[in-house]
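The listed protein sequences correspond, in order, to chains A and B. Here the first sequence stands for residues 777 to 943, where the numbers follow this note's numbering. Here the second sequence stands for residues 777 to 943, where the numbers follow this note's numbering.
Number of protein chains: 2
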Amino acid sequence: MRKSPSSSAFHTPTPEAISQLKELISDATYASLATLSPDEGYPICSRAGMSTLGDGTPIIYVSGLAAHTQALLADPRCSLLVGETGKGDPLTHARATLVCVAAPLSSQGDIYAEARARYLGNHPKAKLYADFADFMYFTLRPIRAHYVAGFGRAYVIDGDTVLGAAV
Amino acid sequence: MRKSPSSSAFHTPTPEAISQLKELISDATYASLATLSPDEGYPICSRAGMSTLGDGTPIIYVSGLAAHTQALLADPRCSLLVGETGKGDPLTHARATLVCVAAPLSSQGDIYAEARARYLGNHPKAKLYADFADFMYFTLRPIRAHYVAGFGRAYVIDGDTVLGAAV
């Protein structure tokens with residue numbers, strides 16, 4: 777058998793890669809979300825609507841009845857996969873895994889109005905359930921990003937850099 | 777605040793829902809994959825190419841250098857989110873979370889040839905790295921599926937039913 781080139785090794789992030797990653801996150805209106813099932817500890821993948829706060833922090837808006845919501849309330853460790861697939865080979869499209877810590881947003885808190893305005897700006901249809909008592913926002917604070925810009929171009933970028941000002 | 781309708785409650789799966797779920801899985805050529813990071817236990821979401829064996833068991837073909845591969849070798853608990861997003865609101869598209877147990881396929885085993893033929897049938901470009909020594913197949917045996925057929929239509933379907941003959 778042949779050996780593969782070291783295509784999956786991580787490279788030192790360039791300013792261009794960091795800038796592309798920030799754009800990928802701010803453009804995302806939904807993501808795959810991985811949470812831990814409270815009963816068995818399995819990693820559970822689901823789809824969630826997302827947006828970001830002004831500083832780039834991802835936010836999701838989810839039903840209190842949904843399994844991922846119950847999972848995040850029991851254990852805040854999670855990750856988001858962002859980057860739409862579009863046409864062509866989904867494995868060559870830019871995508872990023874954001875390893876995050878989730879926190880529910882209180883409707884009394886300062887950030888709530890910002891989160892609501894920004895989420896509904898991205899998801900006009902969510903106005904239908906924007907004020908349901910059992911829906912809630914979470915902030916997802918990134919601690920690390922794995923950014924795959926394309927085949928053979930992968931970067932690990934720390935959470936502060938993900939949220940920092942664009943280069 | 778208003779209360780939401782019980783839109784996220786699970787319904788008893790109908791034969792039609794089971795049939796649609798099987799089709800969704802067999803049509804999938806990639807998926808979001810959730811694994812457990814060996815170091816910290818975070819649920820990590822990534823993208824993987826997938827196909828199925830003849831009995832419907834999902835298979836993935838992944839680089840030994842990739843984080844999800846190392847994660848599955850350390851802990852076989854995982855899940856797949858299948859169902860392409862396409863046009864329109866991704867939150868209204870049919871999708872399914874398959875809670876699975878992964879097992880690496882030995883290149884000496886009986887199933888290997890079937891897995892390779894079926895995967896490469898779905899992923900012609902993977903022939904470029906089809907025989908790299910550090911790439912490997914995993915079977916992902918479903919123990920449970922959460923199938924969201926659309927808004928307000930969600931089902932829990934056990935793994936044997938997912939793999940059984942179409943109704």
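Virtual Cβ for every residue (Gly too), placed ideally from N, Cα, C.
{"Asked": "Give me the subset of the region 814 to 832 of chain B whose CB atoms are less than 9 Å from a CB atom of chain A, sorted by chain position.", "Found": "E816, G817, Y818, P819, I820, C821, S822, R823, A824 and G825"}
{"Asked": "Verify whether the separation of the beta carbon atoms of A906 of chain B and R892 of chain B is less than 8 Å.", "Found": "yes"}
{"Asked": "Would you please verify whether the beta carbon of S784 of chain B is less than 8 Å from any beta carbon of chain A?", "Found": "Here S784 of chain B scores only 48 on pLDDT, less than 50, and its place in the model should not be relied on; the value that follows carries that caveat. Chain A contact via Cβ: present."}
{"Asked": "Taking 8 Å as the CB-CB limit, is A810 of chain B close to chain A?", "Found": "yes"}
{"Asked": "Where are the alpha helix (DSSP H) runs, 4 residues long or more, that stay fully inside the region 798 to 885 of chain B, in chain order?", "Found": "843 to 850"}
{"Asked": "Could you work out which residue in A:Q796, A:V877, A:A870 and A:F914 is closest to G817 of chain B when comparing CA atoms only?", "Found": "A:V877"}
{"Asked": "With a 10 Å radius around its C-beta and 16 neighbouring C-beta atoms as the bar for buried, classify K903 of chain A as buried or exposed.", "Found": "exposed"}
{"Asked": "For a test of the three-state rule: what should DSSP assign to D936 of chain B, helix, strand or coil?", "Found": "helix"}
{"Asked": "If contact is defined by three or more beta carbon pairs under 8 Å, each pair taking one atom from either stretch, is the region 919 to 933 of chain A in contact with the region 784 to 802 of chain A?", "Found": "yes"}
{"Asked": "Which residues in the same chain have their Cβ closer than 8 Å to the Cβ of E890 of chain B, if we skip the five residues on either side of it in sequence?", "Found": "L829 and G830"}
{"Asked": "Within the continuous beta strand (DSSP E) that includes T915 of chain A, where are the two ends?", "Found": "F911 to G926"}
{"Asked": "Does A793 of chain A come out as helix, strand or coil in the three-state DSSP assignment?", "Found": "helix"}
{"Asked": "Are P918 of chain A and L874 of chain A close, meaning C-beta to C-beta below 8 Å?", "Found": "yes"}
{"Asked": "Helix, strand or coil for A906 of chain B, going by three-state DSSP, please let me know.", "Found": "coil"}
{"Asked": "Counting only Cβ pairs nearer than 9 Å, list the residues of chain B close to K901 of chain A.", "Found": "D865, L867 and T868"}
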